[in-house]
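Line order of the protein sequences matches chains A and B.
Under this note's numbering, think of the first position of the first sequence as 1, with each following residue one higher.
Under this note's numbering, think of the first position of the second sequence as 1, with each following residue one higher.
Protein chains: 2
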Amino acid sequence: MRAPERRVSARDEWVSTAHPEHGPHQVPLRFLWDGQAVWRCAGATSVTARNVRKEPRVRLALPDTFDVVLLQDEAKCFPAREVPGGPAEAFAGKFGWDPRAEEDVFLDVRVIPRTVRAWRGEPELRGRVVMRDGRWRA
Amino acid sequence: MRAPERRVSARDEWVSTAHPEHGPHQVPLRFLWDGQAVWRCAGATSVTARNVRKEPRVRLALPDTFDVVLLQDEAKCFPAREVPGGPAEAFAGKFGWDPRAEEDVFLDVRVIPRTVRAWRGEPELRGRVVMRDGRWRA
């Protein structure tokens, strides 16, 4: 399956963030790919949310370590109730859970990837950049 | 399978590092768990090696995003030929590849975990710390 389609069907991804003082952090989060952006949901007081506010650069990876899909870009946080209706409805539909209905404050973290790398094992390490500057490469 | 046994049988893990200026980085690497430490191999000029020299704190995760095993500690780099014989032989045996024989310079990155978290889905988020201060908890 090609990288764009796999982003639709997968459920979780590994989210790597960093903080200048506290170092790296890595956690699995559910995500929605709406064709342009990746939406994830994190508690407003979570380490992921704290880090993204301080250092917006993030790395996202589908779980498979052999058939690799890695995204790189800056993330932006939205309070759950300020997420546009389209992605918010799609997220709720995909997971049967709507963060907008929660009493605890949840943040949606949007990433519009500009760089995507994909490879299967070392022979494909060359040519692994499949999106550059926001454009899928043939 | 419990966390210690899964570390023996698995092949790759997601390695998350950070750099104070360049932000987070995340990459899949082959690893060896020798019962006390995790050994991985990275090119001496790789981003992982560059980051660990500047910021030794790392996060390591087995690929599965539902049955989670996450390690946290500081990493230390060794030139491949300075790795103790036991782990070096075991690494070469596991992967059929011995970094000590390569002409390109490779580094071994050792992590002796002091904190390990493991959980399956949200119901197990409480009690997810299975190692603290280097001791497995019952």
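Every residue, glycine too, gets a C-beta built ideally from N, C-alpha and C.
Query	Result
9 Å Cβ cutoff met for A/D64 and B/P63	yes
Inter-residue spacing [alpha-carbon to alpha-carbon] between B/A42 and A/R81	43 Å
Closest residue to B/V105 among B/L29, B/I112, B/A49 (Cα-Cα distance)	B/A49
Outcome for A/S17 when other beta-carbon atoms lying within 10 angstroms are tallied against a minimum of 16	Per the sequence shown, residue 17 of chain A should be read as Thr rather than Ser. Looking at its Cβ environment, which holds 16 or more other Cβ atoms inside 10 Å, A/T17 is buried.
Interface partners of A/D64 on chain B, CB under 8 Å	P63
A/R120 versus A/R128 - alpha carbon distance	9 Å
Continuous alpha helix (DSSP H) assignments of at least 4 residues falling wholly in the stretch 37 to 80 of chain B	47 to 54
Helix, strand or coil at B/E103 [DSSP, three-state]	coil
The stretch 25 to 33 of chain B contacting the stretch 103 to 117 of chain A, beta-carbon criterion three pairs below 8 Å	no
For A/R128: DSSP bridge partner residues	The partner list for A/R128 (beta bridge, DSSP) is empty, contrary to what the question assumes.
Assigned secondary structure, B/G85 (DSSP; H/G/I helix, E/B strand, else coil)	helix
Distance, A/P123 Cα to A/F66 Cα	11 Å
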